[in-house]
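Notes to accompany the following structure.
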Amino acid sequence: MDLSALLTSSKSLTSHLSRPNLPAVNLSLDQIEAQSRRLVARQPATDTDRANYLLAQAHVDASALSNSVAHLNTSTTFSPLQPLQDTDVAGYLRHAHEQNLISTIEEGRKETQEEFYRALEERSQRDWEAKKKRVFEELGGRVTGDNRAMAELKKSTHGKSLLMASPASLLLAPPF
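Terminal number for the sequence shown in the working numbering: 221, no gaps in between.
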């Protein structure tokens, strides 16, 4: 199939849609690349974005969980349930024990969170490398001196990848 037949075929895909108030969008690859670079520059990926992406893949509503955590009332967490008397040794020991439990749980939560972000970064890097390898296999994996975009992609790492001046650039960018 030659390019003119492909163009005609692609235009016929939307011919049945009647939307006279919407203009047709005709952008060249350079214009698409420039707009993609502007969008990427405006919204840098953060750890929160990557975490939300990973959780969304597991069908977890991160924003709802974030809201529920934000509305927790922790003002009474570190105060004793009953006021302690100066001579209440048993009450003091019980309170000290509760505080030790709370601090241990908090330390465990922090360690778990750090491990989660480390695993998230490793998984994102592994997924990006697998996608990059698959694209190279599909495209033949040849990088010549003339093919600057493919050379940049080969050197790219997750979080620091470059958009390329090629038709595949929109497919190769990491999803976050």
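Each residue gets a CB set at the ideal place from its N, CA and C atoms; glycine is no exception.
Quiz item: Excluding the five sequence neighbours on either side, which residues of its own chain have a C-beta within less than 6 Å of the C-beta of residue 156, listed in chain order?
Solution: For the purposes of this step, residue 156 is identified with residue 111 of the sequence shown, where counting begins at 1. Nothing listed; no residue qualifies.
Exercise. Less than 8 Å between the CB atoms is what I'm expecting for residue 72 and residue 165, so what's the real figure, rounded?
Key: For the purposes of this step, residue 72 is identified with residue 27 of the sequence shown, where counting begins at 1. For the purposes of this step, residue 165 is identified with residue 120 of the sequence shown, where counting begins at 1. Going by Cβ atoms, the distance from residue 72 to residue 165 rounds to 34 Å, so no, they are not a contact pair.
Quiz item: Leaving out the 5 sequence neighbours to the left and right, which residues in its chain are closer than 6 Å to residue 97 when beta-carbon positions are compared?
Solution: In the sequence shown, the residue the question calls residue 97 occupies position 52. For residue 97, same chain residues with a beta-carbon under 6 Å away, outside a window of 5 residues either side, are 107 in chain order.
Practice problem: State the Cα-Cα distance for the pair residue 77 and residue 116, rounded to the nearest angstrom. | Solution: Taking the sequence shown and counting its residues from 1, one reaches residue 77 at position 32. Taking the sequence shown and counting its residues from 1, one reaches residue 116 at position 71. Between residue 77 and residue 116, the alpha-carbon positions lie close to 42 Å from each other.
Quiz item: To the nearest angstrom, how far is it from the Cα of residue 104 to the Cα of residue 54?
Solution: In the sequence shown, residue 104 corresponds to position 59, counting from 1. In the sequence shown, residue 54 corresponds to position 9, counting from 1. About 36 Å.
Quiz item: DSSP on residue 185, reduced to helix/strand/coil?
Solution: On the sequence shown, position 140 is the one that residue 185 refers to. Secondary structure at residue 185: coil, using DSSP grouped into helix, strand and coil.
Quiz item: Between 75, 176 and 151, which lies nearest to residue 119 when the distance is taken from Cα to Cα?
Solution: Here residue 119 refers to the residue found at position 74 when the sequence shown is read from its first residue. Of the candidates 75, 176 and 151, the one whose C-alpha sits nearest the C-alpha of residue 119 is 151.
Quiz item: Going by C-alpha distance, which of 109, 163 and 47 is nearest residue 92?
Solution: Within the sequence shown, the letter at position 47 stands for residue 92. Among 109, 163 and 47, the Cα nearest to that of residue 92 belongs to 163.
Exercise. Look up residue 85 in the DSSP assignment and say whether it is helix, strand or coil.
Key: Taking the first residue of the sequence shown as position 1, residue 85 is located at position 40. Residue 85: helix per DSSP, three-state reduction.
Self-check item: Close-in-space but distant-in-sequence residues of the same chain around residue 88 (CB under 7 Å, 5 per side omitted)
Solution: Locating residue 88 in the sequence shown gives position 43, where the first residue counts as 1. No residues qualify anywhere along the chain.
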